[in-house]
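Below: one structure, written as structure tokens.
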Amino acid sequence: MEKWRLSKKLGSLLGDREDIMRRKLLAAVALKSVMKDWLRYCPGNPSLRSRIYNAFVKPVLLYNSSTWGISDTELKNLDSFHRKQLRVLNGLHWPKKINNSSLYKLSNSVPVSQDIIDGRWRLFGHVLRMDPSSPAYQAMEEYFLSDSPKFRGRPRTTLPVALEHDLKHVGKTLKKCEDLDELRWLAQNRRGWQTMVKKIVSCVARVGI
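Numbered according to this note's numbering, the sequence shown spans residues 55 to 263.
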């Protein structure tokens, strides 16, 4: 394992997988604390429980998640972890059973994979609207200008790779600077950009991760 993956910046580990593992641990601790200090006083009130979870636990799980470049398998694992927490939140233990769609409806929630993809594209749109001389924009442009291999060995799912994967749902691509320029032009129209983001998220929700 590369040592940089365990380096922490702005509260997140630089390695996405390592950061996700840490986020899960922190979210589990946060849920345990919430169950002890808050939720024992509101039995039988799923709406209030969900509001408390969304205020105190979900932000811990999804902190900086818009920067993660992760695969569909890792998104599935996050959805599974989230559903496990929702079951604990609502006191649904074996032998009680509930399907996923009913669980989300009870909790007034959606798969966290949709939240991650939505946040990913909102952040990308923000960077695309930055001044081209800004460090974030220059780093992004340099990535697509370079013809050298990004990593040695097996291809990795990085944030640009994840964005390109999402774009397939709307018939676009992100492989070169010309694609980046087209997206930058689209991002200037905030309403049009938001419409495209909603379409991407809805396609992911319909197809499933």
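Backbone N, C-alpha and C define an ideal beta-carbon position, used for all residues, glycine too.
Once DSSP output is grouped into helix, strand and coil, what is the label at residue i?
{"i": "LYS63", "result": "strand"}
{"i": "CYS96", "result": "coil"}
{"i": "GLY145", "result": "coil"}
{"i": "MET184", "result": "coil"}
{"i": "VAL114", "result": "helix"}
{"i": "GLU128", "result": "helix"}
{"i": "ASN162", "result": "coil"}
{"i": "LYS151", "result": "coil"}
{"i": "TRP175", "result": "helix"}
{"i": "LEU102", "result": "helix"}
{"i": "SER87", "result": "helix"}
{"i": "GLU46", "result": "The structure shown does not extend to residue 46, since the chain spans only 55 to 263, so no value can be given for it."}
Below 8 Å on the Cβ atoms is my guess for residue i versus residue j; work out the distance and round it to an integer in Å.
{"i": "ARG77", "j": "VAL114", "result": "7 Å"}
{"i": "ILE124", "j": "ALA216", "result": "7 Å"}
{"i": "PRO100", "j": "LEU160", "result": "5 Å"}
{"i": "LEU79", "j": "TYR107", "result": "Their Cβ separation, rounded to whole angstroms, is 17 Å, which puts LEU79 and TYR107 out of contact at 8 Å."}
{"i": "TRP122", "j": "ILE170", "result": "7 Å"}
From this set, the options, which residue's C-alpha is nearest residue i's C-alpha?
{"i": "LEU85", "options": "ALA109, LYS159 and ARG260", "result": "ALA109"}
{"i": "LYS210", "options": "MET184, PRO100 and ASP126", "result": "According to the sequence as given, residue 210 is Arg; it is not Lys. If we check each option's Cα against that of ARG210, ASP126 comes out closest."}
{"i": "ARG71", "options": "LEU129, HIS219 and TYR107", "result": "LEU129"}
{"i": "GLU56", "options": "GLY69, ALA241 and LEU64", "result": "GLY69"}
{"i": "GLY179", "options": "LYS90, VAL88 and TYR191", "result": "TYR191"}
{"i": "ILE254", "options": "GLY65, LYS222 and LEU67", "result": "LYS222"}
{"i": "PHE198", "options": "ARG176, ARG174, GLY225 and LEU237", "result": "LEU237"}
{"i": "ARG137", "options": "SER120, TRP148, TRP122 and TYR158", "result": "TYR158"}
{"i": "PHE135", "options": "LYS252, LEU116 and SER61", "result": "LEU116"}
{"i": "LYS63", "options": "ALA82, ASN118 and PRO186", "result": "ASN118"}
{"i": "ASN162", "options": "GLY225, THR227, LEU102 and LEU228", "result": "LEU102"}
{"i": "LEU132", "options": "LYS150, HIS147, ARG105 and GLN168", "result": "GLN168"}
{"i": "GLN242", "options": "PRO186, SER200 and VAL224", "result": "PRO186"}
{"i": "LEU234", "options": "THR212, LYS252 and GLU196", "result": "GLU196"}
{"i": "ASP220", "options": "ARG183, LEU146 and VAL258", "result": "VAL258"}
Regarding residue i and the ligand ZN, is the C-beta to nearest heavy atom distance less than 7 Å?
{"i": "LEU140", "result": "In terms of ligand content, the structure shown is empty, and the ligand ZN therefore cannot be addressed."}
Using a Cβ-Cβ distance cut-off of 8 Å, determine whether residue i contacts chain B.
{"i": "LEU132", "result": "The structure shown contains no chain B, having only a single protein chain."}
Would you list, in sequence order, the uninterrupted alpha helix (DSSP H) runs of no fewer than 4 residues that lie entirely inside the region 209-262?
Counting whole runs of 4 or more residues, the region 209-262 contains the alpha helix (DSSP H) stretches 213-221, 231-241 and 244-261.
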